[in-house]
Amino acid sequence: MTVSERIVVRRGVAVARRAGPVRRNARATPYLFMAPYLVFFGIFILLPALYGIWISLHDYDYLLPHKPWTGLHNYVQLFTPGSRDSGDFWNSMIATGIFTAASVPFLVVCPLGVALLLNRVFPGRTFFRAVFFAPYVLGVAVVGLLFRYILDPNVGLVNYYLDKLGISHDIPWTTALPWTWISLVGMTVWWTLGFNAIIYLAGLQDIPRDLYEAAELDGAGKWRTFMSVTVPGLRPVMLFVVTVTVLASANMFGQSYLVTQGGPGHSTRTAIMYIAETGLRQFRQGIAAAMSYILAIVLLIISVMNFRFFRQKERY
Amino acid sequence: MSDPFSSNLSRRRFLTLTGAGGAALLLGACSSGSKSKAGSSLSAQATSSATGSASAVASQSGAASASASGLTYDGPSVTLAFWNGFTGGDEPFIKKVVDQFNSANPKINVKMNVYQWADFFQKLPAAVTSGSGPDVAAMHIDDIPTQAAQNVIVPIDDVAQALGLSADSFAPAVWQGGLYKGKRFGIPLDVHPLVYYYNKKVLSDAGLDPNKPPTNMNDYMAALDTLKGKGVQGHWMSPFQFTGGFTAQSLIWQYGGDVFDSQFTKATWDSDQAVQAITWCVDLVKKGYSPKNVGQDADYVAFKNNKNAFNWNGIWQINDLASTPGMQWGAMAIPHLGSQGGAWGNSHQFVVPRQLHADKDKQNAAKFFISWLGEHSLEWAKSGKIPAEKSVRDSAEFQQLQPEATIAQDLAEVHFPASVAGIGDALAKFYDAVNQAVLLKSDVASVLKSSASQATKIMQDNAKKYG
Chain A
1 MTVSERIVVR RGVAVARRAG PVRRNARATP YLFMAPYLVF FGIFILLPAL YGIWISLHDY
61 DYLLPHKPWT GLHNYVQLFT PGSRDSGDFW NSMIATGIFT AASVPFLVVC PLGVALLLNR
121 VFPGRTFFRA VFFAPYVLGV AVVGLLFRYI LDPNVGLVNY YLDKLGISHD IPWTTALPWT
181 WISLVGMTVW WTLGFNAIIY LAGLQDIPRD LYEAAELDGA GKWRTFMSVT VPGLRPVMLF
241 VVTVTVLASA NMFGQSYLVT QGGPGHSTRT AIMYIAETGL RQFRQGIAAA MSYILAIVLL
301 IISVMNFRFF RQKERY
Chain B
1001 MSDPFSSNLS RRRFLTLTGA GGAALLLGAC SSGSKSKAGS SLSAQATSSA TGSASAVASQ
1061 SGAASASASG LTYDGPSVTL AFWNGFTGGD EPFIKKVVDQ FNSANPKINV KMNVYQWADF
1121 FQKLPAAVTS GSGPDVAAMH IDDIPTQAAQ NVIVPIDDVA QALGLSADSF APAVWQGGLY
1181 KGKRFGIPLD VHPLVYYYNK KVLSDAGLDP NKPPTNMNDY MAALDTLKGK GVQGHWMSPF
1241 QFTGGFTAQS LIWQYGGDVF DSQFTKATWD SDQAVQAITW CVDLVKKGYS PKNVGQDADY
1301 VAFKNNKNAF NWNGIWQIND LASTPGMQWG AMAIPHLGSQ GGAWGNSHQF VVPRQLHADK
1361 DKQNAAKFFI SWLGEHSLEW AKSGKIPAEK SVRDSAEFQQ LQPEATIAQD LAEVHFPASV
1421 AGIGDALAKF YDAVNQAVLL KSDVASVLKS SASQATKIMQ DNAKKYG
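Rendered as structure tokens:
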């Protein structure tokens, strides 16, 4: 087929459709394709985020007519020990940090194990895949209520059975440290494990079979195959899982809101909880916005470090 | 007051659910609950074609005067939006009253939206600012000042005047609670105090008289000792606002103290009386009359399972206990453990949200609705409340409603949250301190002192902010 013939054919199609061909390489094309999303992203994410900076520079209550400009006062307050919010805010940041540090390793490793198991061929595989994913479809309210009763120190099921087994009968799962963290991390792992497992599973199925065959021919054992084929093959997936899990854990709200009410004292009150309380209940949106920015910057730094870490490892 | 589980309504519903048993049930019920929370549950549309309704209206208007008074409504047909947070166990009762209203008053179609209280206080201000707020709403007495200061609700002195309502028609404290800066913003619907539940089975098993629960300090401690001798921890002390924080607050009043000074310039829960009151609560745990680390609602669950003899809890639990099979219980006003009476209480009040475009007919219809619901608050009281209106409280029908009617006799001892904007932010520090103290994490006097000084700082901030 010559060039001119091809043009004719294309013209013919164009005429039949009564419309010009899509100009895939025109300058505006990619932007036009992205436009619908960009519009929503701009209106609902970008603009509010920028407006938030403006809010954080005021003593802001959207219901009051007078919203005094305070400049960086809100930020200064948060970094001034002994001010109304600094102690509570940084404690909530620490609580968020503890939860993230404690939950992410489990949420990255356990689902990988589950995914490896579920990737094997065995009868009832689909059923078990559904079973592991099932808790994830529950709302946080359901999971929270469920665990509040399972873990209640005096009337809960867990302590009842521990007592029956003669181990212990009064572990304060929801009212004392460090048990509250163990409870919160445990329930979160149970609840969201399925999501990461499904992502890993998809990643595992993406690793070419011939790599495994080659490893087998080279006489690699199971562990060696896992370390040299599976883990490198999963690297992009793992970057995604780690990033998303860190962000999800740093945004933890419902579990401690429902199970421990941030207690004992405020030791499990996370940053998001404290920001919501300040902004939406005390109607101090200025300082709440300032807190959000500090949290966002911290998460940004962690995410960048995370990307760096995985990229370095890619050059092996 | 505004998180979903401290709302007495959702709490009670959830307790009922869990009382009913298995996890499957809990899951099913909760997932359906979360759906209805997201949407708005409209009350039945007024299909007021019933023949009986005409006569009902006739009898209403026969007893009343002109339409503007709010005691009748004879303008054109209108639709009123009524928002509230009466979820859970309260919802069927408020629905019933609104349905009755709709069928008795064909010209007014009340459409009700029920939210969780926590959502309510995010949605209402936003709706009002955008001009789509409801015509009538209900909220707690302590939310009124903040909402009034933020211009979400408007003064309704004229409504009270038109309806001929005054302090005499209500208990004085609850009527005063609807005021903010000398203007009336709330018209009381009900009162719901902390009350004293006693488990008759636990008492009689321990050899105590199940019909004569202790009502003073000596008897109370003697009963706790007897129960302890039988291996029963008689008063589970909750470290949470619901209802340990209310218990602690009631005792401060009983011991002659108060949580704030009379001008609301500072928190006073570090006074000697308050320290004494909270120490009593903490000693329940230290001396083994209560287990350590009582979880949220575990005190009440233990009470229902005959493991706890006394529970100071909201009057709203009455229906839940009444519907628990085999439960042998009684309820009365909080015992006098200090030198005087005193009990925490709150009140639901009607408010009128600000409208961008006033509609005279709707305003009149709203007045009539508020007055009608107040007069018919007996039906509402059956959800475990005390009617705010004196005439309803004195009615023979309410007097037959036990134990509510007996509890209502001590209404004068009920203390309501202060009518000061943003006071909830300060009071939160008190509940924190009680939590720390009852969980034995901090020394009573020092934790009360530091939390009171934090609260004072907050009150000063709020005074500046709300003016």
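These protein sequence lines are chains A and B, in that order.
Residue numbers for the first sequence follow the numbering used here, beginning at 1 and rising by one.
Residue numbers for the second sequence follow the numbering used here, beginning at 1001 and rising by one.
Don't be surprised by glycine CBs; every beta carbon is placed ideally from N, CA and C.
Exercise. Return yes when the C-beta of ALA1333 (chain B) is under 7 Å from any heavy atom of the ligand GTP, and no when it is not.
Key: As far as ligands go, the structure on display features none, and thus does not contain the ligand GTP.
Quiz item: What is the DSSP secondary structure of ARG1184 (chain B), counted as helix, strand or coil?
Solution: strand
Exercise. Give a yes or no on whether the minimum CB-CB distance between PHE283 (chain A) and chain B is below 8 Å.
Key: yes
Quiz item: Is the beta carbon of PHE1086 (chain B) less than 8 Å from the beta carbon of VAL1351 (chain B)?
Solution: no
Quiz prompt | Continuous beta strand (DSSP E) assignments of at least 3 residues falling wholly in the segment 136 to 194 of chain A | solution = none
Quiz item: Does any residue of chain B bring its CB to less than 8 Å from the CB of GLY186 (chain A)?
Solution: no
Quiz item: Which whole-angstrom value describes the C-beta separation of PRO1155 (chain B) and GLN1349 (chain B), a residue pair presumed to lie in contact below a C-beta threshold of 8 Å?
Solution: PRO1155 (chain B) to GLN1349 (chain B), Cβ: 13 Å. No contact.
Self-check item: Cβ shell of ALA1452 (chain B) (< 6 Å), same chain only, five flanking positions each side left out
Solution: Closer than 6 Å at Cβ, skipping near neighbours: ALA1267, TRP1269 and ASP1270.
Exercise. Check the Cβ-Cβ distances between THR70 (chain A) and every residue of chain B, and say whether any is below 8 Å.
Key: For THR70 (chain A), not one C-beta of chain B is nearer than 8 Å to its own C-beta.
Quiz item: Whose C-beta lies closer than 7 Å to the C-beta of PRO1353 (chain B) among residues of the same chain, with five residues either side of it excluded?
Solution: LEU1124, VAL1128, GLY1133, PRO1134, ALA1137, VAL1152 and ILE1153
Quiz item: Three-state secondary structure (DSSP) at LYS1307 (chain B)?
Solution: coil
Self-check item: Neighbour flag for ASP152 (chain A) against chain B, beta carbons, 8 Å
Solution: yes
Practice problem: For chain A, find out if any of its Cβ atoms is closer than 8 Å to the Cβ of MET1355 (chain B); answer yes or no. | Solution: It is worth fixing the name first, because residue 1355 (chain B) is Gln in this sequence and not Met. No, no contact with chain A.
Practice problem: Please state whether DSSP places ALA1421 (chain B) in a helix, a strand or coil. | Solution: coil
Quiz prompt | alpha helix (DSSP H) segments (min. 4 residues) lying fully within the segment 1399 to 1464 of chain B | solution = 1404 to 1408 and 1423 to 1438
Quiz item: Exposed or buried, which one is ARG269 (chain A) when buried takes at least 16 other CB atoms within 10 Å?
Solution: buried
Quiz item: Hey, how far is the Cα of PHE44 (chain A) from the Cα of TYR31 (chain A)?
Solution: 18 Å
Quiz item: In its own chain, which residues sit with a C-beta less than 6 Å from the C-beta of THR1247 (chain B), not counting the 5 before and 5 after it?
Solution: TRP1312
Quiz item: Closer than 8 Å, CB to CB, is GLY124 (chain A) near chain B or not?
Solution: no
Exercise. Output, in sequence order along the chain, the residues in the segment 1129 to 1146 of chain B whose CB is closer than 8 Å to any CB in chain A.
Key: THR1129 and THR1146
Quiz item: What residue ranges within the segment 60 to 113 of chain A form continuous alpha helix (DSSP H) runs of no fewer than 4 residues, ordered along the chain?
Solution: 73 to 78
Quiz item: If you follow the alpha helix (DSSP H) that ALA1331 (chain B) is part of, which residue opens it and which one closes it?
Solution: If you look at ALA1331 (chain B), you'll find it isn't in any alpha helix (DSSP H); it sits in the beta strand (DSSP E) that goes 1329 to 1333.
Quiz item: Alpha carbon to alpha carbon, how far is TRP232 (chain A) from VAL158 (chain A)?
Solution: The sequence given here has Pro at residue 232 (chain A), not Trp. Going by the C-alpha atoms only, they are around 40 Å apart.
Quiz item: At a cut of 8 Å, does the segment 1370 to 1378 of chain B reach the segment 1097 to 1114 of chain B through at least three beta carbon pairs?
Solution: yes
Exercise. Compute the beta-carbon to beta-carbon distance between GLY1330 (chain B) and PRO1403 (chain B), rounded to the nearest angstrom, for a pair I have assumed lies under 8 Å.
Key: 7 Å
Quiz item: From PHE1074 (chain B) to ARG1393 (chain B), what distance separates their C-alpha atoms?
Solution: Note that residue 1074 (chain B) is Asp in the sequence shown here, rather than Phe. Using only the alpha carbons, I get a separation of about 29 Å.
Quiz item: Given that GLY1422 (chain B) touches chain D, what residues does it touch there, using C-beta distances under 9 Å?
Solution: The chain labelled as chain D is not found among the protein chains of the depicted structure, namely A and B.
Quiz item: So, does the CB of ASP1119 (chain B) fall closer than 8 Å to a CB anywhere in chain A?
Solution: no
Practice problem: Output the distance between the C-alpha atoms of MET273 (chain A) and ILE301 (chain A), rounded to the nearest integer angstrom. | Solution: 21 Å
Exercise. Answer yes or no: do LEU112 (chain A) and TYR212 (chain A) have a C-beta to C-beta separation smaller than 8 Å?
Key: No. Outside cutoff.
Quiz item: Nearest-angstrom Cα distance between CYS110 (chain A) and PHE1120 (chain B)?
Solution: For CYS110 (chain A) and PHE1120 (chain B), the distance between alpha carbons rounds to 39 Å.
Quiz item: Can you tell me whether GLY1422 (chain B) is buried or exposed, with buried defined as 16 or more other CB within 10 angstroms of its CB?
Solution: buried
Quiz item: How about GLY1326 (chain B) and PHE1416 (chain B): are their beta carbons less than 8 Å apart?
Solution: no
Exercise. Give, in chain order, every unbroken run of the beta strand (DSSP E) that is at least 3 residues long and sits entirely within the segment 1135 to 1169 of chain B.
Key: 1136 to 1140
Practice problem: Kindly identify the DSSP beta-bridge partner or partners of ASN1199 (chain B). | Solution: B:TRP1329
Exercise. Under 7 Å between beta-carbons, which chain A residues line up against LEU1124 (chain B)? List them in chain order, please.
Key: Result: empty, since nearest Cβ-Cβ is about 10 Å, beyond 7 Å.
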